[in-house]
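Chemist:
Residue numbers (this note's numbering), protein chains in the order written: chain A, 20 to 244; chain B, 17 to 280.
1) Just reading off the alpha helix (DSSP H) that residue 218 of chain A is part of, what are its end residues?
2) Which class does residue 143 of chain B belong to by DSSP, given the choice of helix, strand or coil?
3) Here's the rule I'm using: 16 or more other beta-carbon atoms within 10 Å means buried, otherwise exposed. How should residue 23 of chain B be labelled?
4) Is residue 50 of chain B close to chain A? Criterion is C-beta to C-beta, closer than 7 Å.
5) At a Cβ threshold of 7 Å, is residue 186 of chain A touching chain B?
6) With a Cβ-Cβ cutoff of 7 Å, do residue 126 of chain B and residue 146 of chain B count as a contact?
7) Closer than 7 Å, CB to CB, is residue 112 of chain A near chain B or not?
8) Where does residue 22 of chain A sit, in a helix, a strand or coil, going by DSSP?
9) Closer than 7 Å, Cβ to any Cβ of chain A: which residues of the stretch 214-233 of chain B, in chain order?
10) Is it right to say residue 128 of chain A is buried, meaning 16 or more other beta carbons lie within 10 angstroms of its own, or is it exposed?
11) Interface residues of chain A around residue 38 of chain B at Cβ under 8 Å?
12) Please state whether DSSP places residue 226 of chain A in a helix, a strand or coil.
13) Buried or exposed for residue 165 of chain B, please, with buried defined as at least 16 other CB atoms from any protein chain shown within 10 angstroms of its CB.
14) Looking at the structure shown, is residue 225 of chain B part of a helix, part of a strand, or coil, going by DSSP?
15) Tell me the DSSP bridge mates of residue 163 of chain B?
16) Leaving out five residues before and five after residue 219 of chain B in sequence, what residues of the same chain have Cβ atoms less than 7 Å from its Cβ?
17) 7 Å is my cut-off, CB to CB: does residue 126 of chain A come that close to chain C?
18) Would you grab the beta carbon distance between residue 169 of chain B and residue 197 of chain B for me? Rounded to a whole angstrom, and I think it's under 8 Å.
19) Hey, could you find the ends of the alpha helix (DSSP H) residue 128 of chain B is sitting in?
20) Measure the Cβ-Cβ separation of residue 148 of chain A and residue 75 of chain A and say whether it is below 7 Å.
21) Whose C-beta lies closer than 8 Å to the C-beta of residue 66 of chain B among residues of the same chain, with five residues either side of it excluded?
22) Taking buried to mean at least 16 other C-beta atoms within 10 Å of its own C-beta, is residue 20 of chain B buried or exposed?
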């Protein structure tokens with residue numbers, strides 16, 4: 020008896036539509052009700068670290084979506100031949116390879132981003148969301164479903180960190196995507212808005228993230244058990 | 017289903033070979049592009065320590081500007097011109113790997129000096145000195161530009177491998193780097209003082225050898241201070257010699273290179 024046979028009872032219809040109700044849930048659930056950051060509280064470290072500005076956050080989001088989708092796909096395709104006893108190592112090897120590829124491509128084509136994100140792109144390897152999805156979903160589901168699940172989790176992660184980054188950059192640096200919002204307002208109305216240095220620090224991310232979680236849980240009525 | 021040990025070993029071996037091959041293949045293919053990016057980045061930093069190049073977007077324009085304006089030499093710890101490395105190969109300042117160089121003995125290290133020339137003349141506008149040191153998590157490096165008086169800081173361009181984003185990584189931001197501009201490295205008695213960051217960030221105006229620090233990144237600041245002090249000491253003899261020579265119409269070291277290249 021090994022752990023790889025966690026096959027859950029999936030209703031197998033002859034030909035399920037590409038975006039059936041069940042499959043849509045793979046994408047929509049992680050966006051809100053089952054968000055990896057706010058509900059599962061995974062991937063917090065990178066959410067705190069890279070969200071000082073929008074631009075690196077966007078690159079980080081794309082990198083995570085790429086890694087989680089493709090690692091889900093690869094692991095799902097291989098799930099029946101992966102020996103159960105070394106499955107975590109195999110998952111890790113796949114994730115590490117994908118992450119290294121992202122890092123190499125960034126270095127070759129987006130060097131400035133590589134300098135800002137280098138350390139964090141490497142840390143996607145330890146991003147709990149990625150390993151979490153592999154272990155919980157890709158090991159037991161078909162390839163296409165796993166890709167959808169990866170997209171869902173990736174976007175669920177992305178929209179949260181982009182929201183955090185938006186507020187941190189706006190309040191902390193007075194800009195959005197390096198466009199000087201505060202500066203423009205000052206030029207137009209002559210009214211200078213002070214920036215808040217706290218937002219540039221990680222503390223700012225904690226605060227914004229906390230508020231997002233608060234609003235979300237109030238709305239969804241989610242209670243920690 | 018329990019797999020046999022043999023299966024597991026073969027599986028792991030095959031996986032390793034496939035993934036390893038994929039990674040090394042990518043690395044080989046992308047290496048030339050990455051090297052180009054690193055070269056461009058270095059040249060950007062050398063120029064960026066002196067002038068504002070943020071408006072130049074095309075990489076080729078930066079490389080052209082660099083060729084036009086920058087001359088480089090390599091000196092040893094005694095401030096004398098160094099032309100060949102220990103193996104007898106000619107030394108090119110741009111090719112020196114600062115990280116490897118940093119591991120060599122202080123006495124035998126080559127020290128590159130980049131000279132930004134005044135536009136369309138042979139006069140040195142500023143000297144850019146590369147530096148290397150340890151930050152909080154990994155290496156940090158810097159280019160410090162000195163005015164032609166070799167005392168006033170014209171500008172700095174720092175880089176790092178993995179300082180904390182938002183904290184120590186701020187050494188790469190203009191806000192922090194601008195604090196160095198106009199500071200002096202020698203005091204009135206002519207002894208080397210370097211420029212150091214103080215602890216904390218008060219926004220106060222400090223004397224000509226101290227600048228405001230980075231809040232929450234005291235250790236990175238200390239690393240930067242140590243790097244500046246250390247490397248300015250190494251370059252001190254060169255600076256003294258150049259200053260001496262500078263009292264004559266033209267800087268000697270510069271002329272040697274110029275004559276060599278232009279065959280006057």
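Here a beta-carbon is modelled for each residue, glycine too, at the ideal position from N, C-alpha and C. Here the structure is a predicted model, which is why all the values come from computation and not from measurement.
Modeler: Put simply:
1) 216-219
2) strand
3) exposed
4) True, the Cβ-Cβ gap to chain A drops below 7 Å.
5) no
6) no
7) For residue 112 of chain A, the closest Cβ of chain B is nearer than 7 Å.
8) With a pLDDT of 49 at residue 22 of chain A, under the threshold of 50, the predicted position of this residue should be treated as unreliable, though the coordinate-derived value follows. Coil at residue 22 of chain A, not helix or strand.
9) 232
10) Counting Cβ neighbours within 10 Å, residue 128 of chain A comes out exposed, since fewer than 16 surround it.
11) 116 and 120
12) helix
13) exposed
14) In the structure shown, residue 225 of chain B sits in coil (DSSP, three-state: anything other than H, G, I, E or B).
15) B:142
16) 228
17) No chain C appears in this structure, whose protein chains are A and B.
18) 6 Å
19) No alpha helix (DSSP H) contains residue 128 of chain B, which is instead part of the beta strand (DSSP E) from 127-133.
20) no
21) 132, 141, 142, 144, 161, 170 and 171
22) Exposed.
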